[in-house]
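Be aware that the sequence shown starts at 69, since it is given in this note's numbering, and climbs by one per residue. Only one structure is covered here, and it is reproduced in the block below.
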Amino acid sequence: MIIVLLIFGLVFGSFLTAFVDRLHDGRDWINGRSECDSCHKELKAQDLVPVFSWLINFGRCRQCHKHISWRYPLTELAVAGLFTACYLLWPVPIVGFEIVKFVWLLITIVGLTAISIYDLRWMIIPNTIIYPLIVLAVGVVGYEAIFLDGGPELVRSAVLGLLGCGGILYGIFQVSKGKWIGGGDVKLGFLLGIMALSFMRGLLVILLSSFVGLVAIAPMLFAHKFSLKAKIPFGPFLIIAGLIVYFFGQQLLDWYMNVLVV
69 MIIVLLIFGL
79 VFGSFLTAFV
89 DRLHDGRDWI
99 NGRSECDSCH
109 KELKAQDLVP
119 VFSWLINFGR
129 CRQCHKHISW
139 RYPLTELAVA
149 GLFTACYLLW
159 PVPIVGFEIV
169 KFVWLLITIV
179 GLTAISIYDL
189 RWMIIPNTII
199 YPLIVLAVGV
209 VGYEAIFLDG
219 GPELVRSAVL
229 GLLGCGGILY
239 GIFQVSKGKW
249 IGGGDVKLGF
259 LLGIMALSFM
269 RGLLVILLSS
279 FVGLVAIAPM
289 LFAHKFSLKA
299 KIPFGPFLII
309 AGLIVYFFGQ
319 QLLDWYMNVL
329 VV
């Protein structure tokens, strides 16, 4: 299973690098052909093997020999790693409805990775990606609540999580009139809040994302390569925090209550 997930992760990671570029440029991301960013020549099958093609060509286009960004193999490896980590961290046997939830999480990870790339490059979280992810999350929660043993309590937990993350981010957006965070961050907060399934875990996503962001930009601040007034994409930090909370949120809250409060 791990080998299968690694392969699928590499393939989906390779797809994402082309998908994000085509989505931003308004090109056909389903039937469009992959091409070199420099010479714009169509890439052949031997150029599209995840990671391997980049390594064998020493990070350069096989036709024009111009440099190919390291973000391509990094994205492929990241998605493969995340797919595998989800399998290893899944708390119960993946059978029955757990298969549906596991596949949903893998799809969500693909979407969140695309959002991270898009936000890092253009500081925008596209509705084309975030809206379907929200609908999928609501659908999974709704199905489990209605047809399985989730019941009204699961719906209540999802709503509280949405308020704890997305609701607070919406308040920040309104107070700052969009100067501190963008509307896309709010929508992303709604999705991660639904996944958090509690108000406190939703709030933890915000707190943890701020910490992750601070750790990420601190070296640049100390090196005077970054200004506190500069705009930074907050989406990737929210996503990292959201995935940590999805798997370890309750353990983190329990640790906080036992160690820092009691």
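The C-beta atom is built at its ideal place from N, Cα and C for all residues, glycine as well. Fair warning: this is a prediction, and the values are worked out from it, not measured in the lab.
Helix, strand or coil for Arg-128, going by three-state DSSP, please let me know.
-> strand
Cα-Cα, which of Arg-130, Gln-318, Val-117 is closest to Leu-272?
-> Gln-318
Where does His-135 sit, in a helix, a strand or coil, going by DSSP?
-> strand
Identify the continuous alpha helix (DSSP H) that holds Arg-90 and give its terminal residues.
-> 70-93
Which ranges would you report for the beta strand (DSSP E) in the region 155-205 if only whole runs of at least 3 residues count?
-> none
Does the Cβ of Ala-226 have 16 or more other Cβ atoms within 10 Å, making it buried, or fewer, making it exposed?
-> buried
Would you check if there are 3 or more beta carbon pairs closer than 8 Å linking the region 204-222 to the region 183-193?
-> no
How should Lys-245 be labelled, buried or exposed, when 16 other C-beta atoms within 10 angstroms of its C-beta is the threshold for buried?
-> exposed
Is the region 100-111 in contact with the region 123-136, if contact means three or more CB pairs nearer than 8 Å?
-> yes
Look at the Cβ atom of Leu-306, then the Cβ atom of Ser-277, and state whether they are nearer than 8 Å.
-> yes
Going by CA-CA distance only, name the one from Ala-286, Leu-311, Ile-71, Gly-310 that's closest to Ile-300.
-> Ala-286
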